[in-house]
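Per numbering that gives the first Met the number 0, the sequence shown runs over residues 0 to 443.
Where a beta carbon is used, it is the ideal one built from N, C-alpha and C, also for glycine.
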Amino acid sequence: MYSISVPDEKHKYHVGELAKMFLSEDAFCIYVGQPDAELVIGAGGDYNDSKRRAYAFFRKITGRDLDWGILTGVRPGKLYNELKAKGEDPEKVLKEQYFVSDEKIRLLRRVSECQQTVKRSHDPKAIGLYIGIPFCPTRCQYCSFTSNTITKKGATAYLQALFTEMQDVRKLMDRNGQTAESIYIGGGTPTSLDEEDLRSFLMKVRDLFVTENTVEFTVEGGRPETITEDKLAIIKEAGADRISVNPQSMKQHTLDLIGRRHTPQQIREAFALADEAGISIVNADLITGLPEEMPEDFRDSLTAVLALGPENITVHTLAVKKASRMIEEDPGVARRQAANVRQMLEDADRMLTAAGYEPYYLYRQKHMAGNFENVGWCRPGTASLYNIRIMEEDQTIVAMGAGAISKVYFPAENRLERVPNVSNYEIYIERIEEMIARKEAGIS
Ligand code: SF4
0 MYSISVPDEK HKYHVGELAK MFLSEDAFCI YVGQPDAELV IGAGGDYNDS KRRAYAFFRK
60 ITGRDLDWGI LTGVRPGKLY NELKAKGEDP EKVLKEQYFV SDEKIRLLRR VSECQQTVKR
120 SHDPKAIGLY IGIPFCPTRC QYCSFTSNTI TKKGATAYLQ ALFTEMQDVR KLMDRNGQTA
180 ESIYIGGGTP TSLDEEDLRS FLMKVRDLFV TENTVEFTVE GGRPETITED KLAIIKEAGA
240 DRISVNPQSM KQHTLDLIGR RHTPQQIREA FALADEAGIS IVNADLITGL PEEMPEDFRD
300 SLTAVLALGP ENITVHTLAV KKASRMIEED PGVARRQAAN VRQMLEDADR MLTAAGYEPY
360 YLYRQKHMAG NFENVGWCRP GTASLYNIRI MEEDQTIVAM GAGAISKVYF PAENRLERVP
420 NVSNYEIYIE RIEEMIARKE AGIS
């Protein structure tokens, strides 16, 4: 057990996050003010100074470097853009002060260049909207989202409460002079609603929020078995121009292992339906590092997905979080798959670049296999503005539904304030008036 001493609790948190990227949690202990620890970090420096000291120590004992160096936050792309805006050389700073690898710096440069081609409003009254539908057909093994197995009764009661919140947000937006630049319907799996509920929900979204200032309207389909011709017609009629159909893997054995009750054939059928319905932009999510998958499995999945021709492909890295079933059933999977994930991400970069896709947004999460990243790739001109802005944190996003967290942006201070809803959908229904009161007080 390695012992490290830091000056206070806040440094303990930051150094602890870095330590977890090198070692398992039972292999180190961090103390506050312990002079006989193996590494003693004194007061006087900031968190990054402490992390740099700790990085040198972990590097020495493990013989390893980290691709993302001392960066433990979720938005390295935002840091890159901020350094650039301040007139600094982001690549020099990331390399010399944060120890980020050349390969990840190159990725950040490509993301930043692609983002610059995407038009966005500079009007602070142009906001993003997120609406969550916390239901799915079944729960995936790795899921840590607010998701419940759908029932008609649950969905109907939920939508009733959600409509109250949506109507109130409309009034709030009128009060503040705001309009929706982008609308994102996420979850959960919004298309797990039946046709009747999906229609009443999406028509309400359209009537309340879509204006001539709305440039993007996305409905996450997610699970391919929930996508039907009728539902796609409803999505089109509501004015949405983007959907997601998320294979995660094209290998049946993997889909069975992770609790997704669909087949690769259903994925192909969902793509064909989206094509027939004339949906302009389809995104497909894949996950690297899934249990038992080897790099050739991922390459096969990516080849199969490329053949379906989606405009966007998002390559995730498996993250096994506390709220997932996977953490109980196979807690070591992320660590075990780290080397495979590195290979899979390299393959993804090579194959997607060769197929004409560009990386356009990137984020990291805790508990990711190998501490790598998630990258959204797009064909030129098809990047999702909502995804970029949520990563850049440069816009107010009003979020509705169970588990949704609104973020109010204060441009003068470049700061966000969070206004959360409760995540349990039954409690959300019970306390809907309180959720609305929180928004009325917190959103300006
Ligand atoms: S589809 Fe997404 S939200 Fe639903 S259970 Fe699977 S991971 Fe969770």
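Our contact map puts residue i next to residue j with C-beta atoms below 8 Å; I'd like the distance itself, whole angstroms only.
i      : j      : result
Arg205 : Ala237 : 5 Å
Arg437 : Gly127 : That pair is no contact at about 18 Å.
Asn311 : Asn282 : 4 Å
Val319 : Ala333 : 5 Å
Cys113 : Tyr359 : 4 Å
Asn218 : Pro189 : One detail in the question is off: residue 218 reads as Val in this sequence, not Asn. Confirmed, about 6 Å.
Ile242 : Ala273 : 6 Å
Ile435 : Asp167 : 5 Å
Pro294 : Leu256 : Incorrect: roughly 17 Å between the Cβ atoms, too far for contact.
Arg324 : Gly369 : Actually they are not in contact, since the Cβ atoms of Arg324 and Gly369 sit about 21 Å apart, beyond 8 Å.
Ala401 : Gly131 : 6 Å
Thr381 : Ile280 : 5 Å
Met249 : Ala303 : 4 Å
Val314 : Ala354 : Incorrect: roughly 13 Å between the Cβ atoms, too far for contact.
Glu8   : Val31  : 6 Å
Gly187 : Phe144 : 7 Å
Pro136 : Arg222 : 6 Å
Gly76  : Leu285 : Incorrect: roughly 20 Å between the Cβ atoms, too far for contact.
Lys203 : Met172 : About 15 Å separates the two Cβ atoms, so there is no contact after all.
So what does residue i bridge to, in DSSP terms?
i      : result
His315 : Ile286
Tyr1   : Phe27
Ile184 : Ile130, Val218
Gly375 : Thr313, Tyr360
Ile280 : Arg241
Ala125 : Thr178
Asn147 : Phe134
Gln247 : Leu285
Output the boundary residues of the beta strand (DSSP E) element that contains residue i.
i      : result
Lys406 : 404-409
Arg417 : 414-419
Arg241 : 241-244
Val397 : 396-399
Could you give the residue range of the alpha helix (DSSP H) that holds residue i?
i      : result
Met434 : 431-441
Tyr97  : That residue, Tyr97, is in no alpha helix (DSSP H); it is neither H nor E in DSSP.
Val304 : 294-307
Val332 : 332-335
Leu272 : 263-276
Ala42  : Here Ala42 belongs to no alpha helix (DSSP H), and DSSP marks it neither H nor E.
Met466 : Lying before the first or after the last residue shown, residue 466 is absent from the chain, which here runs from 0 to 443.
Asp48  : 46-61
His366 : First-last for His366: undefined, no H or E at that position.
Pro75  : 75-84
Asn386 : 384-391
Gly355 : Careful: Gly355 lies outside any alpha helix (DSSP H) and carries neither H nor E.
Glu211 : Unbroken run through Glu211: none, as it is neither H nor E.
Gly15  : 8-21
Glu87  : Looking at the DSSP string, Glu87 is not in any alpha helix (DSSP H), and its letter there is neither H nor E.
Ile257 : Counting along the chain, Ile257 falls outside any alpha helix (DSSP H), and DSSP gives it neither H nor E.
Ile326 : 325-328
Please report whether the beta-carbon of residue i lies at a distance below 8 Å from any beta-carbon of chain B.
i      : result
Ile389 : No chain B appears in the structure shown, which is made up of a single protein chain.
Within the structure, which residues are defined as neighbours of the ligand SF4 by a Cβ-heavy atom distance below 6 Å, reported in chain order? Taken from the N-terminal end onward, the list reads Cys135, Arg138, Cys139, Cys142, Phe144, Ser146, Gly186, Gly187, Thr188, Gly221, Arg222.
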